[in-house]
Amino acid sequence: MESAEMARGLVRHRSNAVLADRAYDSNAFLAHVEALGAKAVIPSGRNRREPRELNAALYKQRNVIERWFGRLKGFRRVATRYERTAISYLGVIAASAWLVAITEWTG
0 MESAEMARGL
10 VRHRSNAVLA
20 DRAYDSNAFL
30 AHVEALGAKA
40 VIPSGRNRRE
50 PRELNAALYK
60 QRNVIERWFG
70 RLKGFRRVAT
80 RYERTAISYL
90 GVIAASAWLV
100 AITEWTG
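Note that numbering that gives the first Met the number 0 numbers the sequence shown so that position 71 is 70, with each residue one more than the last.
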């Protein structure tokens, strides 16, 4: 999926900032994020002539989400997607997310 197409999915979720890695550093993606009124916290790609300013403190929070998705993908059914329908797969993701959250909260 193109990064600009993924940016269109952000319309459903309002936030002040969008945190992403270098792969999403495209002019189309950045323009769409800014059009939504959010700040793009994305490191400049290596091919960008003039690097953009990066809020390093905010970007460091991205690892929390990355670790959470890593734990979620630890569930075999989530990682390999055995379910035939999208709604069934969404149910597996919801159940797995619940288990991850419960284990984090209970220690």
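In this text, a Cβ means the ideal position worked out from N, Cα and C, and glycines have one as well.
Residue i versus the options, residue with shortest Cα-Cα distance
i: L53; options: F74, A34, G36 and L18; result: L18
i: S14; options: A39, G106, R80 and A100; result: A39
i: R47; options: R83, D24 and I86; result: D24
i: L98; options: T84, G44, W67 and V32; result: W67
i: R51; options: T102, I86 and N26; result: N26
i: E103; options: T79, S87, E82 and V63; result: V63
i: E33; options: R83, A16 and Y88; result: A16
For residue i: DSSP bridge partner residues
i: L18; result: V40
Minimum Cβ-Cβ distance from residue i to chain D less than 7 Å
i: W97; result: You won't find chain D in this structure, because it holds only one protein chain.
Other residues of its chain near residue i: CB distance less than 7 Å, five sequence neighbours each side excluded
i: V77; result: L71, V91, I92 and S95
Unbroken alpha helix (DSSP H) run spanning residue i, endpoints
i: Y23; result: Careful: Y23 lies outside any alpha helix (DSSP H) and carries neither H nor E.
i: R76; result: R75 to T79
Close beta carbons around residue i, own chain, < 6 Å, minus the five adjacent residues each side
i: P42; result: R21 and L53
Local conformation of residue i per DSSP, three classes
i: N62; result: helix
i: T84; result: coil
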